[in-house]
Amino acid sequence: MDADPDGQEGAGGGIEPAERWGIFGLEAAENEDCSEVKATPEKQYGIRQLANWILDYADGLNVELSNMGLNKILFFAYEHALLKYNRKLTNAKIEAWDHGPVFREVYRSFKQHGNRSINDRASVYDPLSDSLKTANTDIHPLDQEIISEAIKDLIHLPAFVLRELSHSNNGAWARVWYHPEKSNPGMEISDEIIYRTNDSGRLSQ
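Pasting the structure below:
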């Protein structure tokens, strides 16, 4: 069995907002120590790692998340980081499903819960022990700030409201779902599509 990227990538450094650190956190702001900031385009988080961090974040607020709600929160966090900070949090593929954007790995990790609240954590394959282990939540503090900024208000919304937000007529999901320009067999919501639609109403708040 191949090693799961969620079990291998770890935090991968982090990135402060683009205006301070540069697009990938490699340009130090004057008089600031960036020795701990090693983010590069090749160092993203595993999607199950991000999912587990968000579930822990929700628990801290006494908020329950379903599979659908978690997938929408993950998408909004990804979209926010990409559009506002040029920060690509994960290499995981985003797909347009009937109920909105979905990370297939996250859906599969929690599909046993149906539309009920998630009460466990996603696991990844550990090649060293040849077994499954809970995906770590080692997210760099700067990335935690970016994610929190994106989801602090959204996370309190019911899943059906998050679904409606993800179905915005001007959003990336709609562009893929209705694919007016050309066929998209994989129904992938790519970074290019997110940039082109730039449905950033939530980002300005």
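Taking the working numbering, the leading residue of the sequence shown gets 20, the next gets one more, and so forth. Beta carbons: idealized from backbone N, C-alpha and C, even for Gly.
Item	Value
Three or more C-beta pairs under 8 angstroms: does that hold for the region 152-167 against the region 176-185?	no
The ligand MN and E168: does any heavy atom of the ligand fall closer than 7 angstroms to the residue's C-beta?	Inclusion of the ligand MN in the displayed structure is not the case, the ligand content being empty and no account of it being possible.
Short of 6 angstroms in beta carbon distance, which residues of its chain neighbour F129, apart from the five on each side in sequence? Order them along the chain.	N86 and I137
Whose C-beta lies closer than 8 angstroms to the C-beta of V82 among residues of the same chain, with five residues either side of it excluded?	I174 and H175
Work out the CA separation of I165 and I208 for me, nearest whole Å.	21 angstroms
Tell me whether T156 sits in a helix, a strand or coil according to DSSP, three-state version.	coil
Tell me which residue opens and which closes the alpha helix (DSSP H) that S128 is part of.	R123 to F129
If you follow the alpha helix (DSSP H) that E98 is in, where does it begin and where does it stop?	N86 to Y104
Considering only residues of the same chain and omitting the five flanking positions on each side of T216, which have a CB-CB separation below 7 angstroms?	N189, G190, A191 and R194
How many angstroms separate the CA atom of W72 from the CA atom of W116?	23 angstroms
L84 and L69 - do their beta-carbons sit closer together than 8 angstroms?	no
Suppose contacts are defined by Cβ-Cβ distances below 8 angstroms. Is Y64 in contact with N90 by that definition?	no
DSSP three-state call for S150: helix, strand or coil?	strand
Could you check the C-alpha separation between L101 and Y214 for me, to the nearest Å?	8 angstroms
Taking the alpha carbon of R182 as the reference point, which residue from A96, R106 and P120 has its own alpha carbon closest?	P120
Grouping DSSP H, G and I as helix and E and B as strand, with all else coil, what is V56?	Confidence is the limiting factor: at V56 the pLDDT is only 35, short of 50, which leaves the residue's position unreliable, though a coordinate-based value still follows. In this structure, V56 counts as coil in the three-state DSSP scheme.
Apart from the five residues on each side of it in sequence, which residues of its chain come closer than 8 angstroms, Cβ to Cβ, to I66?	D25, L93, T109, A111, F122, E124 and V125
Once you ignore the five residues that flank H118 on each side, which residues in its own chain have a CB closer than 7 angstroms to its CB?	M87 and R182
Would D172 be called buried (16 or more neighbouring beta carbons within 10 Å of its own) or exposed?	exposed
Using 8 angstroms as the threshold, is the C-beta distance between A141 and F95 below it?	no
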